[in-house]
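S.K.: So that we are looking at the same thing, I have put the structure below in structure tokens.
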Amino acid sequence: MSFFGLNCARKNEQELERKLRANDREYNLSFKYATNAIKTSKYNFFTFLPLNLFEQFQRIANAYFLFLLVLQLIPEISSLSWFTTVVPLVLVLSVTAAKDATDDINRHRNDNHVNNRKVQVLIDEKLRSEKWMDVHVGDIIKLENNQFVTADLLLLSSSEPLNLVYIETAELDGETNLKVRQALTVTGDLGDDVSKLADFNGEVLCEPPNNRLDRFTGTLAFAGQKYALDNEKILLRGCTLRNTEWCFGLVLFAGPETKLMQNCGKSTFKRTSVDRLMNVLVLFIFGFLAFMCTVLAIGNYCWELGEGSAFTVFLPRQNGHDGAFSSFLTFWSYVIILNTVVPISLYVSVEFIRLGNSFYIDWDRKMYHSRSDTPAVARTTTLNEELGQIKYVFSDKTGTLTQNIMTFNKCSINGKTYGDVFDYMGQRLEINEHTETVDFSFNPLADPRFTFHDHALVEAVKLEIPEVHAFFRLLALCHTVMAEEKKEGELSYQAQSPDEGALVTAARNFGFVFRSRTPDSISIVEMGEQCTYKLLAILDFNNVRKRMSVIVRSPEGKLSLYCKGADTIICERLHGSCTKLTNVTTEHLNEFAGEGLRTLALAYKDLDEDFFLQWQQRHHEASTALEGREDKLEQLYEEIETDLLLLGATAIEDKLQDGVAQTIEQLSKADINIWVLTGDKQETAENIGYSCNLLREEMNDVFVISGNSPEDVRQELRNAQKTMKPGATEDCTFLPERTLGKSVKALADETVNGEYGLVINGHSLAYALERSMELDFLRTACMCKAVICCRVTPLQKAQVVELVKMYKRAVTLAIGDGANDVSMIKVAHIGVGISGQEGMQAVLSSDYSFAQFRFLQRLLLVHGRWSYLRMCKFLRYFFYKNFTFTFVHFWYAFFCGFSAQTVYDELFITLYNLVYTALPVLGMSLFDQDVNDAWSFQHPQLYVPGQLNLYFSKTAFFKCALHSCYSSLVLFFIPYGAVSQAARTDGRDVADYQSFAVLTQTCLLFAVTIQLGLEMSYWTAVNTVFVVGSLVMYFVVTFTMYSNGLFLVLPSAFPFIGTARNSLSQPNIWLTIVLTSILCTLPVVTYRFLLILLRPTINDKVMFKVRQAKASPPPLPRRARIRRTSSRRSGYAFSHAQGYGDLVTSGRFLRRPAPPRSSGFAHTGRATSGFSPMGRSAGYSPAERAQYAKAQEVETTSLQMYRTISDAAL
């Protein structure tokens, strides 16, 4: 038995394990693994036409019209020429095919761009430049810095010490921080020796292709030994190589079998509520069509039995054709004639309208973010009108509402706060862009991008106040940040979270510069002096500990533990002597929390040498234990992290994006419910909620659901329900079930007195989403104006959105910027991606994307509302004009013996939807607007009718059908009565079929055109040209086609010779046209007048205001920023996963030793002028306060200072 098993042949069934051998293409090809070429396109040159037509005829409308075409080819039942159906059908198929071809050509280009990238492949002991598409499983390839990873690779060797590589995985998981991978030692020894790599014949047995990004299992057999393989040794396609000169890798999975491509599953096809309603209405229309044809077929049967028998003398029936067979043929004949009740051009027009409104979003300069050069992009063209019906918005917090750019804002050190700016009267000033910043020029290694406004803190540093120095020393030592210095003095930090980067950067600017690290040391520059601390242990962060510590030995030999973490956790571990300092610091923390800042407490402890040696031995034993390792380490951490001495606290600001508060306020006025789903701590999310106006102090109550058991959560939810609605029952109220609707009952909306907010944390949400409790949770949440879910996982985000979709008849929108938001973006009716700090994964999965949350109000209140309004007007008018057109045929049947004769000329039937009425309705659907964008913002209540489906619904459809029925009666019987007994001016009869057809179709065209004018609220030059041009086109085509010349050329095709000239020259004909137009229009005008007078809508009221103003409204006043104070505790400044502690101490991240360098400071000691106190350093304060006096009644803590200067310098 070989290593790979009994049989190496590739089986047809699903692959159970992957087997490959390095540098052996012949062996690997026997398994028929996929090559590295990817294909996202659907067609090629030969398959495009058959495949595309097959797909298009799967749509019921296209198949229906193909069926009609077949019927029209049967002479016995067709009274219309085949071209009346072929021309529109071919046009629709051609337009759709052109769109599909364009999309597929773009996919081909993208595929070719990726497949033709070059990479160096080891072939025949030489590195050759090959295309990506020519790479195979088992090949060894070489990657260089900043290159994309070609396929899923087993890392063999690299240019870095210990065979490390640094990769960026933003395209996979949205995280922009660098990750580290390390090769096996046995393969790392191969280095970049091509001959050794060419001789490498290791065999890999691993898992089959799958989509799990976070795990990998396999073994490598080489030189008679087996080595375990895990995810830390794998480079995935989609990653980018960073800060690594070169590396070699063995291809394990290629092309479509890579984990990246396995995760690119098809997104669910999203349809708008208008589409779903249209499907129901089309089914109804088909039923109504069958009903009309049945009525007319029965009429034909009755007529054949009665009047028809008298015609058999001069028009004998064919053999076997009786009345029953005649009525059967008549049924199918009327199916052909009345098919315009479901016009094929409707679908083409809808696509044009959606495409045009998508371009408006792409072209909107007011949604363009110049700083990042990011325009708004409509990534789909099928959901525009859905943007005008949003009821629930689900938003991420970090990076969506906030910028995800952390800044060191304030701090509290030994009972004194720093960060605020005061005037000479001691009054606190509001900090803005004009506030003077601290000058860090004394520090050559300072980050020029860092800003701070309180000069007192830098002066405290210069005066070498022990507590201040210890504070920043802790920030410079207690972290897992990685530093890189490409040039002397140019430092860049790679941090696992923006919070840690902000803290280390703050310490850097205040003179405590983290410079470099090794697995057992940390090098920092303390006020110009290079210091190296021996790193003895890292007690890393995780979600349970909520803190991290480092144990270091100073250059003087002193052992110390530095700890930072959540303030509630740190306070539990403080020494009893810190009580008063803790109380003062807690007040500062509450003040920071009231401003929505992310807080962190700092503490330290001096360690006894003997105790630490004993603890270190037990720590080593626990870290190497095979069972219960985590529990044993946790006990050791708890043991040593006690009796800490408090240093102070930091406050980091995750700044709100511009305009977030105003946007949320506008959306709330539009009756849009906003739910924030975030992974952050409850206090942090809650305070951000207040900062951005989501939660407001004037709310009646904000309920906090934090139960630790299902019973507690249920009780808290029901208590909240009783508070909001005292008389409410525990049973939920459901809406009546819809016809042809979804099977799940919809939860009814409940009105409450006042406004409420709901905050629920992750573990309580897990109980609330259980099947037995989900309705209680949804009912409570929907009663509230704002909902915040904290500490939620990506899966829970999707579950919350799915819950609302399932039980509420409402349209949902999810907006986020990171990979953890992709699940809810795909689940929601509409997904919006923000191109932010967390990669492009959310954008790539979204339907719409832009750079700032504030653009959401323009997307919904302007583009969404306009798109929905235009689409509804289009559908109402389109059904009206086509029902009116078709119903005239129905009435005419009673006067032509039910013979399936058409009332119009065949040419008019063909061109009615394609030429005569196409452009005017498209013009209305692309340019119409009730009010401009400024009025839309000033009156966000205009958005509410879309949420309630007031513009187009089943009711609106049936009203439209009744209106069409009335208009068709007028358009048939008025011309019929006008010409039946009339004569021309020369005495000749005008009551012939052709004259009646011309009169009826002219009356119809004028009536529907006037109706269009009544529908339009916003006339443009384009609209006017389209409307007038279409009428002109009708008369031009009519007089041309009915001319003598064309009749002489082809008499059978142009039988209406001279009809237009003879009919339209008579005054009574034009009088009839005017009369029918007035009678068709009068009821509509009367109804709308009474409606506006007695029951005006919000649109009517605002449009009346617009007419009164006759000008655009003035710009809205800017909201003044109000400083809010609160006792709410903010969240700690950790928002990341487990840290880099294991990596740091293992030595795996160790970079190439840096050359010797200076400290970056030109002086030594404090005797130099660069560190002499200046300005307010002498203790002077404009407010005449002692700058460095300790807080009243605060005990001082013993602190061992680490001097960086010699006694002689003093």
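Residue numbers (this note's numbering): 1443 to 2652.
For every residue, glycine included, the Cβ atom is placed at its ideal position computed from N, Cα and C.
Keep in mind that this is a model prediction, so the values were computed, not measured.
Contact between the segment 2525-2540 and the segment 2357-2373 is defined here as three or more beta-carbon pairs at a separation below 8 Å; is this criterion met?
M.R.: Judged by Cβ distances under 8 Å, the segment 2525-2540 makes no contact with the segment 2357-2373, as fewer than three pairs qualify.
S.K.: Would you call the segment 1794-1810 in contact with the segment 2245-2263, where contact means no fewer than 3 C-beta pairs closer than 8 Å?
M.R.: Not touching, per the Cβ criterion.
S.K.: In its own chain, which residues sit with a C-beta less than 8 Å from the C-beta of Asn2150, not counting the 5 before and 5 after it?
M.R.: Position 708 of the sequence shown, counting from 1, holds the residue named residue 2150. His2205 and Ser2206, listed in sequence order.
S.K.: Does the Cβ-Cβ distance between Arg1989 and Cys2005 come in under 8 Å?
M.R.: The count along the sequence shown starts at 1 and reaches residue 1989 at position 547. The count along the sequence shown starts at 1 and reaches residue 2005 at position 563. It is a contact, given that the beta carbons lie within the stated cut-off.
S.K.: Could you give the DSSP three-state label for Gly1931: helix, strand or coil?
M.R.: In the sequence shown, residue 1931 corresponds to position 489, counting from 1. Three-state result, Gly1931: coil.
S.K.: Please identify the residue among Arg1551, Gly1644 and Pro1492 whose C-alpha is closest to the C-alpha of Lys1461.
M.R.: Your numbering for residue 1461 matches position 19 in the sequence shown. Lys1461 has its Cα closest to that of Gly1644, out of Arg1551, Gly1644 and Pro1492.
S.K.: Judging by CA-CA distance, which residue of Ser2214, Ala2190 and Ile2130 is the nearest neighbour of Cys2231?
M.R.: One-based indexing of the sequence shown puts residue 2231 at position 789. Among Ser2214, Ala2190 and Ile2130, the Cα nearest to that of Cys2231 belongs to Ile2130.
S.K.: Under 8 Å Cβ to Cβ from Lys2111, same chain only, skipping five residues before and after it: list those, please.
M.R.: Within the sequence shown, numbered from 1, the residue matching residue 2111 stands at position 669. Once the five neighbours on either side are set aside, the close Cβ partners of Lys2111 are Pro2382 and Gln2383.
S.K.: What does the alpha-carbon distance come out to for the pair Ala2534 and Phe2546?
M.R.: Counting from one through the sequence shown, the residue named residue 2534 turns up at place 1092. Counting from one through the sequence shown, the residue named residue 2546 turns up at place 1104. The amino acid occupying residue 2534 in the given sequence is Ile; Ala does not appear at that position. Each residue's Cα considered, the two are about 10 Å apart.
S.K.: Under 6 Å Cβ to Cβ from Thr2326, same chain only, skipping five residues before and after it: list those, please.
M.R.: Your numbering for residue 2326 matches position 884 in the sequence shown. Result list for Thr2326: Ser2406, Ser2409 and Ser2410, in chain order.
S.K.: With DSSP run on the structure shown, which of helix, strand or coil describes Cys1689?
M.R.: By one-based count along the sequence shown, residue 1689 stands at place 247. Cys1689 falls in the strand class under three-state DSSP.
S.K.: Between the C-alpha atoms of Arg1915 and Gly2036, what's the straight-line distance to the nearest angstrom?
M.R.: In the sequence shown, the residue the question calls residue 1915 occupies position 473. In the sequence shown, the residue the question calls residue 2036 occupies position 594. Their Cα atoms are separated by approximately 28 Å.
S.K.: Among Leu1531, Asp2347, Asn1951 and Ala2449, whose alpha-carbon lies nearest the alpha-carbon of Val1903?
M.R.: Reading the sequence shown from its first residue, position 461 is the one you call residue 1903. Here the closest residue by C-alpha is Asn1951.
S.K.: With 16 as the cutoff for other CB atoms within 10 Å, does Gln1589 come out buried or exposed?
M.R.: Start at 1 with the first residue of the sequence shown, and residue 1589 comes out as number 147. Counting Cβ neighbours within 10 Å, Gln1589 comes out buried, since at least 16 surround it.
S.K.: So, at 6 Å on beta carbons, what are the nonlocal neighbours of Glu1457 in its own chain, with the 5 sequence-adjacent residues on each side left out?
M.R.: Here residue 1457 refers to the residue found at position 15 of the sequence shown. For Glu1457, where only same-chain residues beyond five positions count, the Cβ hits under 6 Å are Pro1650.
S.K.: Leaving out five residues before and five after Ser2422 in sequence, what residues of the same chain have Cβ atoms less than 6 Å from its Cβ?
M.R.: Translated into positions along the sequence shown, residue 2422 becomes position 980. Cβ neighbours of Ser2422 beyond the five flanking positions: Ala2433.
S.K.: State the DSSP-derived secondary structure class of Asp2143, mapped to helix, strand or coil.
M.R.: Locating residue 2143 in the sequence shown gives position 701, counting from the first residue. Asp2143: strand per DSSP, three-state reduction.
S.K.: Expressed to the nearest angstrom, what Euclidean distance is found between the alpha-carbon atoms of Leu2368 and Leu2311?
M.R.: One-based indexing of the sequence shown puts residue 2368 at position 926. One-based indexing of the sequence shown puts residue 2311 at position 869. Taking the straight line joining both Cα atoms gives about 10 Å.
S.K.: Given this structure, state the Cα-to-Cα distance separating Tyr2574 from Met1848, to the nearest angstrom.
M.R.: The sequence position of residue 2574 within the sequence shown is 1132, counting from 1. The sequence position of residue 1848 within the sequence shown is 406, counting from 1. With a pLDDT of 45 at Tyr2574, under the threshold of 50, the predicted position of this residue should be treated as unreliable, though the coordinate-derived value follows. Distance between the alpha carbons of Tyr2574 and Met1848 is about 13 Å.
S.K.: Ignoring anything shorter than 3 residues or poking outside the segment 1985-2039, list the beta strand (DSSP E) runs there in chain order.
M.R.: Runs found: 1989-1995 and 2001-2007.
S.K.: Using a 10 Å radius around the Cβ and a threshold of 16 neighbouring Cβ atoms, would you call Thr2105 buried or exposed?
M.R.: Mapped onto the sequence shown, residue 2105 falls at position 663. Buried is the call here.
S.K.: Which residues mark the beginning and the end of the beta strand (DSSP E) in which Ile1980 is found?
M.R.: Within the sequence shown, numbered from 1, the residue matching residue 1980 stands at position 538. Glu1971 to Leu1981 is the span of the beta strand (DSSP E), which, as asked, contains Ile1980.
S.K.: Mapping DSSP to helix, strand and coil, what is Met1867?
M.R.: The residue you call residue 1867 lines up with position 425 of the sequence shown. Residue state, collapsed to three classes: coil.
S.K.: Kindly list the residues whose CB is nearer than 8 Å to the CB of Arg1467, restricted to its own chain and excluding five residues on each side of it in sequence; keep chain order.
M.R.: Translated into the one-based positions of the sequence shown, residue 1467 becomes position 25. The answer, listed in chain order, is His1578, Gly1580 and Asp1581.
S.K.: Quick check on Ala1766: buried or exposed, where buried means 16 or more other Cβ atoms within 10 Å of its Cβ?
M.R.: Against the sequence shown, residue 1766 aligns to sequence position 324. It is exposed - the Cβ of Ala1766 has fewer than 16 other Cβ atoms within 10 Å.
S.K.: Starting from the C-beta of Val1628, find all residues in its chain whose C-beta is less than 7 Å away, skip the five residues before and the five after it, and write them out in chain order.
M.R.: As a first step, residue 1628 is located in the sequence shown; it is residue number 186 there, counting from the start. Hits under 7 Å: Phe1664 and Tyr1669.
S.K.: Taking Gln2241 as the reference, give the member of Pro1908, Ala2270 and Ser1991 with the closest Cα.
M.R.: Numbered from its first residue, the sequence shown carries residue 2241 at position 799. Of Pro1908, Ala2270 and Ser1991, the residue nearest in Cα terms is Ala2270.
S.K.: Excluding the 5 residues flanking Ala2579 on each side, which residues of the same chain have their C-beta closer than 6 Å to its C-beta?
M.R.: Within the sequence shown, residue 2579 is the residue found at index 1137, counting from 1. Low local confidence applies: a pLDDT of 46 at Ala2579 is under 50, so the model's placement there is unreliable, with the coordinate-based value given in what follows. Closer than 6 Å at the Cβ level, and outside the excluded window around Ala2579, lies no residue.
S.K.: Please classify Pro2509: is it buried, with 16 or more other beta-carbons within 10 angstroms of its beta-carbon, or exposed?
M.R.: Against the sequence shown, residue 2509 aligns to sequence position 1067. It is exposed - the Cβ of Pro2509 has fewer than 16 other Cβ atoms within 10 Å.
S.K.: What's the call for Leu2237, buried or exposed, on a 16-neighbour Cβ count within 10 Å?
M.R.: As a working mapping, residue 2237 is identified with position 795 in the sequence shown. Leu2237 is exposed by the Cβ-count criterion.
S.K.: So if DSSP puts Ala2342 in a beta bridge, which residue, or which two residues, is it bridged to?
M.R.: As a working note, residue 2342 is residue 900 in the sequence shown. Its beta-bridge partners do not exist; DSSP assigns none.
S.K.: Could you pull the DSSP bridge partners for His1811 from this structure?
M.R.: Within the sequence shown, the letter at position 369 stands for residue 1811. DSSP, once it has assigned bridges, lists Thr1816 as partnering His1811.
S.K.: In angstroms with no decimal places, state the Cα-to-Cα distance between Glu1901 and Leu2044.
M.R.: Here residue 1901 corresponds to residue number 459 of the sequence shown, with the count starting at 1. Here residue 2044 corresponds to residue number 602 of the sequence shown, with the count starting at 1. Approximately 21 Å between the Cα atoms of the pair.
S.K.: Considering only DSSP beta bridges, list what Glu1878 is partnered with.
M.R.: For the purposes of this step, residue 1878 is taken as residue 436 along the sequence shown, with counting starting at 1. DSSP output for Glu1878 lists no bridge partner at all.
S.K.: With burial defined as no fewer than 16 other Cβ atoms inside 10 Å of the residue's Cβ, what is the status of Ile2116: buried or exposed?
M.R.: Here the question's residue 2116 lines up with position 674 in the sequence shown. It is buried - the Cβ of Ile2116 has at least 16 other Cβ atoms within 10 Å.
S.K.: Report the rounded CA-to-CA distance for Gln2099 versus Asn2262, giving the unit in angstroms.
M.R.: Looking up residue 2099 in the sequence shown gives position 657. Looking up residue 2262 in the sequence shown gives position 820. Going by the C-alpha atoms only, they are around 20 Å apart.
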